[in-house]
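Quick note on my numbering: the sequence shown kicks off at 1164 and runs consecutively. We put the CB at the ideal spot given by N, CA and C, even for glycine.
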Amino acid sequence: MARGRNVINSLNYAKKLEDKEYKQQLAELQGELALATRKKKFNKRSLILVFEGQDAAGKGSTIRRITQALDARSYNVIPIAAPSSEERAQPYLWRFWRQLPRQGRVTIFDRSWYGRVLVERVEGFAKDADWMRAYQEINQFETQLVESGAIVLKFWLAITKEEQLARFRAREKTPFKSFKITEEDWRNRKKWGAYETAACDMVERTSTAHAPWHLVPGNDKQYARIEVLRAICEALDARL
């Protein structure tokens, strides 16, 4: 986090959308997305969406609003967890290369290769030399994707520490959501500052002209979903 700047804290978390406006914009943007991914020109491109953010920031619900607009045969959602023994025996980016979409398709990463400079850095799963080297490796990786015709969009969904606590408590009290909250979530919360620093460093070092980060304040889930959908539609319109 260079010179004390904190791009996460500088976001406007007060932004929100009322229900009526949200429903109208959601329908319009989902329609735009559906049409864009069905254009003939899209058959020569691919779309890669990367979602990162604090626990309970709304990544899953945002992804669902995207996939509602897509042909079920045209996309994959890849949830990223700890690497398997086979994946650990390969170069770091190998398991992500394997999941990339072919032309005319969409792949959505629910967490991603940025784990190396986030959770692996903070939790000590990667050596300092490995995660520090990863910034350059990731930038080169994404450059290759874009040069091969992929459209790469990266989203950091951000919430305040107070909002996360409220969502954690709500999950605990709601039977069908209680599985979403674990001891690991509470443990990670204690390292909020370390994760925030890592996220700021990540944005500074890997937000490039061809694959910039979109920082989305997500205290209001409806506002965040619309911002993400709008960014996707605008990117597709510009490139197609």
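Residue 1283 classed as buried or exposed, judged by whether at least 16 other C-beta atoms fall within 10 angstroms: By the Cβ-count criterion, residue 1283 is buried, with 16 or more other Cβ atoms from all chains shown falling within 10 Å of its own Cβ.
Reduced DSSP secondary structure (H/G/I, E/B, other) of residue 1185: helix
For residue 1209, the residue or residues it bridges with in DSSP: 1313
Range covered by the alpha helix (DSSP H) that runs through residue 1358: 1355-1369
Limits of the unbroken alpha helix (DSSP H) element including residue 1400: 1384-1402
Reduced DSSP secondary structure (H/G/I, E/B, other) of residue 1333: helix
Under 9 Å between C-beta atoms of residue 1356 and residue 1221: no
Integer Cβ distance of residue 1192 from residue 1396, believed to fall under 8 Å: Approximately 6 Å separates the beta-carbon atoms of residue 1192 and residue 1396; this is inside 8 Å, confirming the contact.
Proximity below 9 Å, CB of residue 1369 to CB of residue 1277: For residue 1369 and residue 1277, yes; Cβs fall inside 9 Å.
Buried or exposed by the 16-neighbour rule on C-beta atoms within 10 Å, applied to residue 1196: buried
Proximity of residue 1392 and residue 1199 at Cβ, strictly below 9 Å: Going by C-beta atoms, residue 1392 is not nearer than 9 Å to residue 1199.
Span separating the alpha-carbon of residue 1214 from that of residue 1285: 18 Å
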